[in-house]
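Structure first, commentary second.
In full-length UniProt numbering, the protein residues as written are 1 to 129.
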């Protein structure tokens, strides 16, 4: 069974740090803290920068789920014109590597479109599982 915790954040760039603290506090004794914090940081940053969540009055939601063998991280945003995807970046570009980092450290990840937004999720293997 998957146990879940969630928290909503205003769609402001300074709230990404609060999302990292939220995830780190939940995983302190339960799982891969560093990878989870990296993933939620990238997903929350993308929500604020690339979706309607970053507009005035916007929000994003962080969901953390635990199962005996994995941790599932999910960021729900208010959607936007572009669907999150892996970019083919060159070494000269400053951005575009967030989902590549997530794909490298996650067991699996994906995007789910909703009528009024979307969620981007990643799963990490639990330590010792």
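Note that CB positions come from ideal geometry on N, CA and C, so glycine has one too.
Could you tell me which residues DSSP puts in a beta bridge with residue i?
i, result
"residue 10", "59"
"residue 122", "73 and 109"
"residue 64", "5 and 73"
"residue 117", "114"
Would you decide whether residue i is buried or exposed? Buried here means 16 or more other CB atoms lie within 10 Å of its CB.
i, result
"residue 2", "exposed"
"residue 122", "buried"
"residue 93", "Bear in mind that a pLDDT of 49 at residue 93, under 50, signals an unreliable position, so the model cannot answer this."
"residue 114", "exposed"
"residue 111", "exposed"
"residue 61", "buried"
Is the beta carbon of residue i less than 8 Å from the beta carbon of residue j?
i, j, result
"residue 75", "residue 43", "yes"
"residue 48", "residue 11", "yes"
"residue 71", "residue 45", "no"
"residue 36", "residue 101", "no"
"residue 105", "residue 63", "no"
Where do the N-terminal and C-terminal ends of the beta strand (DSSP E) with residue i fall, by residue?
i, result
"residue 70", "70-77"
Starting from residue i, trace the alpha helix (DSSP H) in both directions and tell me its first and last residue.
i, result
"residue 20", "15-27"
"residue 30", "Segment: none, residue 30 is in no alpha helix (DSSP H) and carries neither H nor E."
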